[in-house]
Structures are given as structure tokens and as C-alpha cells.
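Down below is the structure, laid out as C-alpha cells.
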Amino acid sequence: MGSEYYETLEINRNATDADIKKAFRGLALKFHPSRNREKGSSETFLQLGEAYDVLSDPRKKATYDKFGEKGLKGGIPPEFGCSGAWSSKYAYHGNPGKTFKEFFGGDNPFADFFTNDEPLQFGGLRSVVLKTQDSHIERDMHLSLDDLYHGCTKKIKISRRVMNEDGCTSSIKDKILTIDVRPGWKEGMRIIFAKEGDQGPNSIPADIVFIVRQKSHLLFVRQHNDLIYKAQITLEMALTGFSVDVETLDSRLITIPINDIVHPSYNKVVSGEGMPRSQDPSQRGNLIITFEIQFPEKLSAERKHLIRQALTLKD
């Protein structure tokens, strides 16, 4: 019967399954399009894929050995199928890259190594060079103070180059990355998506790193886990007492009485009303109220006298 598949793999008809695998490994690595640019190498690679697809399958091989390529592709009477032969019409899927990938495993056959320009042979890869990973890619992720207070989920679309099944060509595809922002995350927090950068035949994809950038807030300034709130008050209020109403980030209105005399360096600390702690969101930092005292632009002589009199009076 025909011997074309055997000739393609450079083995004889008595070859064992191990011999078939050994032959395909060496020749497929040698003629893979990413390594061999010589004219006709792609056709040879296609022939190797079909030959291995047939000879590595016991039923297809049995049919080919008995009925040849004509019987394999044209079909044989069903009664012969009971002997273990392939009774349906065989047609190769035409994708040697897929056959190659299934043999070596993984989406990219050269995912862990690549070699120099010397021909590859079974029995060990010569001049093996470990692949290096591309430099990581940094992107800023801008979040509001409310996002960092409550936590949220951000979905970010990226476009990246991915390798096709043949292992040597690529295309651009979109992907959605999901980031679950935990309450209390801080400016500079880094979220790493391993190997989500562009794929290439001779490199490991870069990591994509998102860096938290906090947007400014109208009322609060963040200081670690504390929130700073600045209240504007008059000199009268600073001297006589008052209360401050603050709407918190979770929409509560809290009233803080100030009974002390307020001087420029005076701060009022309200415990547990700051940002959640990322390690334990049930614990919070403090709300720190600072004061900007508005002094009168001018005073009449009478008022100056009254103030001087009030300040010099003894209790």
C-alpha cells in the first residue's frame, strides 16, 4: 500500500508509536514556519501535520496501511470497520499549527524557550536561550475619594496583540480586566495583571500594572487613613464657641461642638470618622477639623475699647 505518510516522516512501515512521535518532533521543529523561512517549508510543515495526524491514530493508521490514501479519504465499506479500521471518509483539518500545539501542549509551542538559527533535532535543543519577559506596563487608575471610601468594581478594556494558533502570526484582540477596589485603598496602590501585555513568539508578555491615583475632593483632604476638613469661622466664634456640621462620605450629617478657644494651630479630632483601613474596613481613621479664622478688616474705636475691656477683665 501507499507509503507517502511514512516517507514524509522519514520512517518505515514498521515504525512504532514512539518512532512516529520522535520523527514528528524533530521534523516539525525543524520546519516550523517561525524557524524555517526556506521556500517550501510551509508545505512540508503541512504534510508533516497530516502525516502525524494519520499515523498517530491507530484506526486511521490501520486503514491507511490496508487501503492506502484512497481508502482512507474515500471511505471503506462499513464491514471492514469492525476490525478497527477507519470506515468514515478522512479529511485533514488543514491546520498543522493546531496539530503541533496539541503535540507539544500550550497555546504557544515555543512558550518556554526559543533557539538560535541552528536546525533543531530530536534528542535535545541546542543553544537553548531562555525567553525574557517584556518590561511591565504601568497605567494610572484615577479613583474618587468616594470610590476609595466605599469600594467599587472597575472594568477596564485593553487591546493587546495575541498569538494565533499557528504560533507565528498574531492579531489584536480586546479584553476586559476587572478590578475590585477595596475600601481604604491608598494613592500609589499597585494592581498587577500578570502577562496581560502583547504576546510575541520570542518573549513572555509583560505584566500590566494599574496604579491608584486619587482625585481631589471638594471638602476633604486625605492624610493616610485620616480625613482633613477645613472650617472657616469668625473671630467671634473662635473666642466664644460654636458647632461644626460635617456631611460624611457615607452621607451622614454629624455635629461637632467646639467649646475651646480656637487658635490658628488648634485642631479638633473626631475618632473613627476617617477612611476605612484596607486591612480591616470596620476600623477607620479619624476626622481632623482644622480652622481658618476670619479676622475683621477694621474695627471702630468703640469696638476696640469693648474688646480691650473684655480681654482685660478678670474672672
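The sequence shown maps to residues 1135 to 1449 in the working numbering.
Think of the CB as a built atom: it goes at the ideal place given N, C-alpha and C, for glycine as much as any other residue.
Note that the structure is predicted; figures quoted are calculated from it, not measured.
Phe1429: not part of any alpha helix (DSSP H); DSSP gives it neither H nor E. If you draw a straight line from the Cα of Gly1285 to the Cα of Ile1325, it comes to about 15 Å.
A distance below 7 Å between beta-carbons, with the five flanking residues on each side excluded, links Pro1430 to the following residues of its chain, in chain order: Leu1369.
Contact annotation, Ile1342 with Glu1330: C-beta distance approximately 5 Å; criterion of less than 8 Å satisfied. For the 8 Å CB-CB criterion, Phe1165 and Leu1182 form a contact. If only uninterrupted beta strand (DSSP E) runs of at least 3 residues are considered, those enclosed by the stretch 1291-1369 are 1304-1315, 1324-1327, 1342-1348, 1354-1357, 1360-1368. Rounded to the nearest angstrom, the gap between the Cα atoms of Ala1444 and Tyr1400 is 22 Å.
Distance between Ile1306 and Ala1365, taken at the CA atoms: about 53 Å.
Check the Cα spacing between Leu1163 and each of Gly1334, Ser1176, Leu1440: the tightest is with Ser1176. In its chain, beyond the 5 residues on either side, Leu1279, Asp1280, Tyr1283 have a beta carbon closer than 7 Å to the beta carbon of Leu1383.
For Thr1424, the closest alpha carbon among the candidates Pro1398, Thr1446, Ser1405 is that of Pro1398.
Residue pairing by DSSP places Ser1377 opposite Pro1391 in a beta bridge.
Annotation for Lys1232: Glu1299 place their beta carbon closer than 7 Å to its own, counting only its chain and skipping 5 residues before and after. About 7 Å separates the Cβ atoms of His1358 and Gly1419, confirming a contact at the 8 Å cut-off.
When the five nearest sequence neighbours on each side are left out, the beta carbons in the same chain lying within less than 6 Å of the beta carbon of Phe1344 are those of Arg1273, Met1275, Ile1325, in order along the chain. In the structure shown, the three-state DSSP call for Val1188 is helix. In this structure, DSSP gives Ser1175 a helical state, which the three-state scheme calls helix.
Between Ile1427 and Lys1402, the alpha-carbon positions lie close to 14 Å from each other. For Gln1267, the closest of Lys1291, Val1315, Ala1328, Phe1158 by C-alpha to C-alpha distance is Ala1328. In this structure Ile1367 does not touch Val1404 by the C-beta definition: roughly 16 Å separates them, more than the 8 Å allowed. Look at Gln1413 here: in three-state DSSP terms it is coil, with no helix or strand label.
For Gly1406, the CB contacts under 6 Å within the same chain, skipping 5 residues up- and downstream, are Arg1418 in chain order.
Ranked by how close their Cα comes to the Cα of Val1315, the residues Ile1290, Asp1308, Gly1334 have Ile1290 in first place. With at least 16 other beta carbons inside 10 angstroms of its own, Asp1199 counts as buried. With respect to the C-alpha of Ile1392, the residue from Lys1195, Gly1375, Gly1301, Asp1379 having the closest C-alpha is Gly1375.
Thr1178 is the residue among Thr1287, Gly1174, Val1188, Thr1178 whose C-alpha sits nearest the C-alpha of Gly1160.
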